[in-house]
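Reminder that position 488 of the sequence shown reads as 488 in full-length UniProt numbering, one-by-one numbering, no gaps.
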Amino acid sequence: MRTNEEETGEQIALQLVRLLHQGTPSDEFAQCMAEVDALPASRPGKSNLVEAVRMAMAVRNRLELLQQRESGMLAVIESAQELSSRLDLASLLGAIVARARKLLGSDLAWLSVHDPGRDEFRVLVAQGAISPRVSDMVTLRDRGVAGVVMSTHLPFTTADYLHDTRFAHDAGLDEIFREDGIAALVGVPLIWEGGVVGLLFVADRYHRVHTTQSLSILCTLATHGAVALKNARDFEAVRAALDKADATRAELERHLRGIQAAADAHEQMTSLLARGASLSTLCQSVAQLLGGSLVVLDEAAQVISQGAATGYAGLGAQGYEPHGGRSAELVNALRLSRQAGRSVQAFEVDGECCRVMPVIGGDDVLGSIALFHRGTLEEVAVRTFERSSSVIGIVLLSQERMEAAKSRNVSALLRTLVSPRQDEWAVLVNRAERLGLDLSQPLTLLLVEMEGPGAGYAARYFRAMASMERTLIDEIDGMLVIVCGAPRAFDLRQEFSAWARRNAGAMHRGVLSRPAASPAELPQLYATLRRALGVLGRLGIQGQVIGQNELALYSALFETHDQASLSHFLEATIGPLISHDRKKNAQLASTLLHYFDGNQNAKTTAQRLGIHVNTVRQRLATIEDMLGHWGNAARALEIHMALRLWSLMRQPEAPPAADIA
1 MRTNEEETGE
11 QIALQLVRLL
21 HQGTPSDEFA
31 QCMAEVDALP
41 ASRPGKSNLV
51 EAVRMAMAVR
61 NRLELLQQRE
71 SGMLAVIESA
81 QELSSRLDLA
91 SLLGAIVARA
101 RKLLGSDLAW
111 LSVHDPGRDE
121 FRVLVAQGAI
131 SPRVSDMVTL
141 RDRGVAGVVM
151 STHLPFTTAD
161 YLHDTRFAHD
171 AGLDEIFRED
181 GIAALVGVPL
191 IWEGGVVGLL
201 FVADRYHRVH
211 TTQSLSILCT
221 LATHGAVALK
231 NARDFEAVRA
241 ALDKADATRA
251 ELERHLRGIQ
261 AAADAHEQMT
271 SLLARGASLS
281 TLCQSVAQLL
291 GGSLVVLDEA
301 AQVISQGAAT
311 GYAGLGAQGY
321 EPHGGRSAEL
331 VNALRLSRQA
341 GRSVQAFEVD
351 GECCRVMPVI
361 GGDDVLGSIA
371 LFHRGTLEEV
381 AVRTFERSSS
391 VIGIVLLSQE
401 RMEAAKSRNV
411 SALLRTLVSP
421 RQDEWAVLVN
431 RAERLGLDLS
441 QPLTLLLVEM
451 EGPGAGYAAR
461 YFRAMASMER
471 TLIDEIDGML
481 VIVCGAPRAF
491 DLRQEFSAWA
501 RRNAGAMHRG
511 VLSRPAASPA
521 ELPQLYATLR
531 RALGVLGRLG
541 IQGQVIGQNE
551 LALYSALFET
561 HDQASLSHFL
571 EATIGPLISH
581 DRKKNAQLAS
591 TLLHYFDGNQ
601 NAKTTAQRLG
611 IHVNTVRQRL
621 ATIEDMLGHW
631 GNAARALEIH
641 MALRLWSLMR
651 QPEAPPAADI
661 A
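Shown next, in the form of structure tokens:
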């Protein structure tokens, strides 16, 4: 018969086998050990039971270790499978982080990637964090666990991160760890080709020491992470190469289409030119090709032709003004364009751009073209616009030559009339009659020096005017020369002055002759007017057309003087008077001039100036104090001449009828 002790021993043995079979936690084995220890010491076989429990606990620990190894191997295998099947870097690294956290039973885990440019680690994937700041952590390579791992290329673990003194702390990271409650931390490197490309971290909110087995599994997962990063970078490089290849192919196709479009545009413009198309037709064709509005300008920036693409809604061409608010930008752009030999964008208004290009004919600038468009012009379109400048230049040059051919007879007759070697009278009369000019009537000669636009442009402009019938106009030696009947002289002077003020501003000066009784007087008159223009230049007069009679005295006296000597003459004669007027606006100089012009009559002077006669006398007394006594005839003549010269140099043009009578 079996004793109670034997039955108790068998029960304990059966319980141990059942616990091992069920994979019971170590707490129940500890309870079983306590039950065995509670048996009486005198009980036979107690030591064997204690040894059996210990052996069972050892078997249980080995089984747990084997299970951990098996779990680790399965995790590694699964990670390797995902490494070969997943191409998305974020999801793959997320799986590695989740597996590391689950395998070690940790509270949170994250993976940081090294940024070589800034030499720092940035969190790429994080799981299990409470604080949102964990996902935004940035670690310098010489701070925290990252600094230790970077320097050793080995795993590093700490059971109490915040109080560990083995590394330099980062105050910002410590604050984040304290906020999230992180205590224990282990970090392993992601190594590729001998360099640390990232870090894998696992952390707990309690003090914990990790086993060698855990570190080994983490290192393997970190290796997979390094491979994933390398593969991702390789994939990115391949993708970038493919994208670049696609972009290059697309650019090549676009370039080929552009070349074809440019060839078609060139062929179209050449065909129009060969067929003798008008400037307006050519302008419209170019505007259609470029999808904008094209304006052709002459030398004075006046519109001579324009065209717009179908449906183009820009208003820049319609709002163009020759001397508007954008004229300075146009002039500057044209200057830069001629220097560079390429078109230049002048300005942009409300999304509409204006691109300009000068039109060159031989060595001369015939005008310019302006393209108004929206958006960015492709290089091929820019080249087409620039090529159209040459084609338009050919048309303008052809027109200019045709106009020159028509006016050849006018030019020849005019040059003959002002030449010292004139043709015979009968020949001159015959040629002039064919051009509608009556040489038996008095003639008037006008000479003008001008800049931008030049005399050639002005001659072409005035020849095209209907009011210039029976008038000879041409450019001779860089000057505008006009011969007309004496009765037309006043109107001619007015018309030219109005046009010059609009187009040349102050950059012109001219002399209108007194009537010549016969053509034989014109050569001498021409030479006299040329000398008079030189006098005007020395006087510094610009923006005026002066009558020969008005200038006669000064031409005779100052023809050989330069501007400096004229200034010295004025300063020595009436300098104090001019200086006093400039400072106090006393009008003493003009009063004295009117006094001389009025035969030195104070009452007449007062009437002309609209002031009291006593005021005139007071001013004359002041003048005498400043200039000294001027009662003798020689002194009065000198002062009167200086005042007339001063008036001529300072007053705007106001031609009296007597000058051209």
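The C-beta atom is built at its ideal place from N, Cα and C for all residues, glycine as well.
For residue i, is the classification buried or exposed, using 16 other Cβ atoms within 10 angstroms of its Cβ as the cut-off for buried?
| i | result |
| --- | --- |
| glutamate 379 | exposed |
| threonine 211 | exposed |
| leucine 352 | The displayed chain sequence assigns glutamate, not leucine, to residue 352. Buried is the call here. |
| histidine 153 | exposed |
| glycine 324 | exposed |
| methionine 55 | exposed |
| alanine 100 | buried |
| tryptophan 425 | exposed |
| histidine 163 | exposed |
| valine 149 | buried |
| arginine 239 | exposed |
| isoleucine 259 | exposed |
| phenylalanine 156 | buried |
| asparagine 599 | exposed |
| valine 427 | exposed |
| proline 189 | buried |
| alanine 556 | Confidence is the limiting factor: at alanine 556 the pLDDT is only 47, short of 50, which leaves the residue's position unreliable, though a coordinate-based value still follows. Classification for alanine 556: exposed. |
| alanine 274 | exposed |
Could you tell me whether the Cβ atoms of residue i and residue j are closer together than 9 Å?
| i | j | result |
| --- | --- | --- |
| serine 343 | valine 382 | yes |
| isoleucine 639 | threonine 591 | no |
| valine 138 | threonine 158 | no |
| isoleucine 176 | arginine 133 | yes |
| glutamate 179 | serine 135 | no |
| valine 295 | glutamine 288 | no |
| arginine 122 | serine 106 | no |
| proline 358 | leucine 334 | yes |
| proline 523 | serine 419 | yes |
| residue 675 | leucine 417 | Look at the range of the chain in this structure, 1 to 661, and you will see that residue 675 is not part of it. |
| tyrosine 595 | valine 613 | no |
| tyrosine 457 | alanine 300 | yes |
| arginine 501 | glycine 543 | yes |
Nearest-angstrom Cα distance between residue i and residue j?
| i | j | result |
| --- | --- | --- |
| aspartate 350 | glutamate 251 | 30 Å |
| arginine 493 | leucine 512 | 8 Å |
| leucine 297 | glutamine 339 | 19 Å |
| arginine 463 | leucine 525 | 23 Å |
| histidine 114 | leucine 229 | 11 Å |
| arginine 408 | leucine 480 | 16 Å |
| arginine 355 | phenylalanine 385 | 9 Å |
| arginine 166 | asparagine 231 | 35 Å |
| leucine 472 | arginine 531 | 21 Å |
| tyrosine 312 | tyrosine 320 | 16 Å |
| alanine 455 | glycine 276 | 29 Å |
| residue 663 | alanine 498 | Absent from the structure is residue 663, since the part of the chain shown begins at 1 and ends at 661. |
| glycine 610 | aspartate 581 | 18 Å |
| threonine 560 | proline 576 | In this prediction, threonine 560 has a pLDDT of 48, which is less than 50 and means its spatial position is unreliable; what the coordinates show is noted afterwards. Going by the C-alpha atoms only, they are around 26 Å apart. |
| valine 255 | alanine 262 | Reading the sequence as shown, one finds histidine at residue 255 and not valine. C-alpha separation (whole angstroms): 10 Å. |
| alanine 245 | aspartate 264 | 28 Å |
| valine 196 | alanine 247 | 34 Å |
| glycine 341 | threonine 281 | 26 Å |
| glycine 292 | leucine 330 | 18 Å |
Could you spell out where the beta strand (DSSP E) holding residue i opens and where it closes?
| i | result |
| --- | --- |
| tryptophan 110 | 108-115 |
| threonine 139 | 138-140 |
| residue 676 | This structure does not reach residue 676, given that the chain is present from 1 up to 661, and the question cannot be answered. |
| alanine 544 | Just to set this straight, residue 544 is glutamine in the shown sequence, not alanine. Counting along the chain, the beta strand (DSSP E) containing glutamine 544 begins and ends at 544-547. |
| methionine 479 | 479-485 |
| methionine 465 | That residue, methionine 465, is in no beta strand (DSSP E); it is neither H nor E in DSSP. |
| methionine 450 | 443-450 |
| valine 511 | 508-512 |
| threonine 165 | Counting along the chain, threonine 165 falls outside any beta strand (DSSP E), and DSSP gives it neither H nor E. |
| serine 411 | Counting along the chain, serine 411 falls outside any beta strand (DSSP E), though it belongs to the alpha helix (DSSP H) covering 408-418. |
Looking at the secondary structure, which residues open and close the alpha helix (DSSP H) in which residue i lies?
| i | result |
| --- | --- |
| glutamate 144 | Contrary to the premise, residue 144 reads as glycine rather than glutamate in this sequence. From DSSP, the alpha helix (DSSP H) with glycine 144 extends over 144-152. |
| arginine 122 | Segment 120-127 is the beta strand (DSSP E) holding arginine 122; no alpha helix (DSSP H) there. |
| alanine 308 | First-last for alanine 308: 303-308, but that is the beta strand (DSSP E), not the alpha helix (DSSP H). |
| histidine 594 | 588-597 |
| leucine 330 | 327-340 |
Would you say the beta carbon of residue i is closer than 8 Å to some non-hydrogen atom of the ligand SAM?
| i | result |
| --- | --- |
| valine 125 | Inclusion of the ligand SAM in the displayed structure is not the case, the ligand content being empty and no account of it being possible. |
Give the list of continuous beta strand (DSSP E) stretches no shorter than 3 residues that lie fully inside the region 346-404.
352-361 and 364-374, all fully within the region 346-404.
I'd like the ranges of any alpha helix (DSSP H) spanning at least 4 consecutive residues and lying wholly in the region 229-282.
Taking only runs of at least 4 residues, no alpha helix (DSSP H) segment lies wholly in the region 229-282.
Inside the region 186-218 only - alpha helix (DSSP H) runs reaching at least 4 residues:
If we require 4 residues or more, the region 186-218 turns out to have no alpha helix (DSSP H) run fully inside it.
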